[in-house]
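Numbering (our numbering), first residue to last: 84 to 389.
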Ligand code: CP
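In structure tokens:
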């Protein structure tokens, strides 16, 4: 694995290797992540052309725990604001001896463009591009599901909300299908969960209570207003009334179902606070697992896995 750009086409053995490597970085209490010297002497450049809290910070922590030298460019204060192109930015940072670029960009495909233009020894990790892919989020989601549920083949997983604009949904569906999940469902209004998702192997539902019935895993998504035109944009109240996950609706799922969310959450829009903070929520453990999963991704693309 030279670059990590998508979960589409990523072989099952590679996904499993990343998850197994991540588990070696997590100590017995499932929380602490050990510091290891695997990327000592390597330079990791974090380039976030789009806002981020979780992905940017956990990549920063992950690279630091791997003993890399970590540089997180402040894009808003960079020469991107003066009109410097993405590829010129990459060329200049490459001249500073970058070994790995972690790239988030609002345009689908931007990390691929970067990967085509870096030297052969340089690696690119996609930290989310447009509505296309968010592979490390999907991998940490798979890690979380495996942690709580073990065997994918017996699981029914529902991905709920604004699936249309979600790079997380697409990357999750690819990873879940590759890992042999029993059933993958896509749940949302017709405008945001179109029937096209059946082509990816998902069952499509337009009724929340039907869609989450007897599910083992529910992955909630926020409305990605920044990627919507006015016609698609539902009001928050109307959306919550029809598709908000409340404790009452959660009872339709299996009693031991886990509730996930990639974040950021919008309480009272796609999910009720009582569910976010409730006993079935694993939203914060997802964030914690993200550190070990990103350590695994970085060390594997660099050819220095544990
Ligand atoms: N899940 C996720 O990508 O969150 P951030 O946008 O905060 O990185």
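The beta-carbon is built from N, C-alpha and C at its ideal position, and this holds for glycine as well.
For residue 308, the secondary structure class from DSSP, reduced to helix, strand or coil, is helix. With contacts defined as CB atoms closer than 8 Å, residue 181 and residue 86 fail to qualify as a contacting pair. In the structure shown, residue 179 falls within a coil segment according to DSSP collapsed to helix, strand and coil. Cβ neighbours of residue 159 within its own chain (closer than 6 Å, five residues either side excluded): none. Using a cutoff of 7 Å, the CB of residue 218 does not count as near the ligand CP, since none of the ligand's heavy atoms is closer than that. For residue 303, the uninterrupted beta strand (DSSP E) segment begins and ends at 300-303. About 5 Å separates the beta carbon of residue 349 from that of residue 305, a gap short enough to meet the 8 Å contact definition. With a threshold of 7 Å, the Cβ atom of residue 253 does not count as near the ligand CP, since no heavy atom of the ligand is closer than that. The closest heavy atom of the ligand CP lies 7 Å or more from the beta carbon of residue 350. If only complete runs of 3 or more residues are kept, the region 105-151 shows the beta strand (DSSP E) at 126-131, in order along the chain. Around the beta carbon of residue 367, fewer than 16 other beta carbons lie within 10 angstroms, which makes this residue exposed. In this structure the region 114-126 lies against the region 146-154, because at least three pairs of beta carbons, one per stretch, are closer than 8 Å. Taken through DSSP and simplified to helix, strand or coil, residue 287 comes out as strand. With respect to the 8 Å criterion, residue 373 and residue 196 are not classified as neighbours on the basis of their beta carbons. As the crow flies, the alpha-carbon of residue 336 is around 11 Å from that of residue 363. Proximity of the beta carbon of residue 135 to the ligand CP is indicated: a heavy atom of the ligand is located closer than 7 Å.
Its Cα nearest to that of residue 287, the residue 269 stands out among 269, 274, 301, 298. For residue 211, the Cβ falls inside the 7 Å cut-off from some heavy atom of the ligand CP. By the C-beta criterion, the region 231-246 is judged to be in contact with the region 265-279, since at least 3 inter-stretch pairs fall below 8 Å.
Closer than 7 Å to some heavy atom of the ligand CP: that does not describe the Cβ of residue 104. According to DSSP, residue pairing for residue 209 in a beta bridge involves 186. Residue 325 sits in a helix when the DSSP states are folded into three classes.
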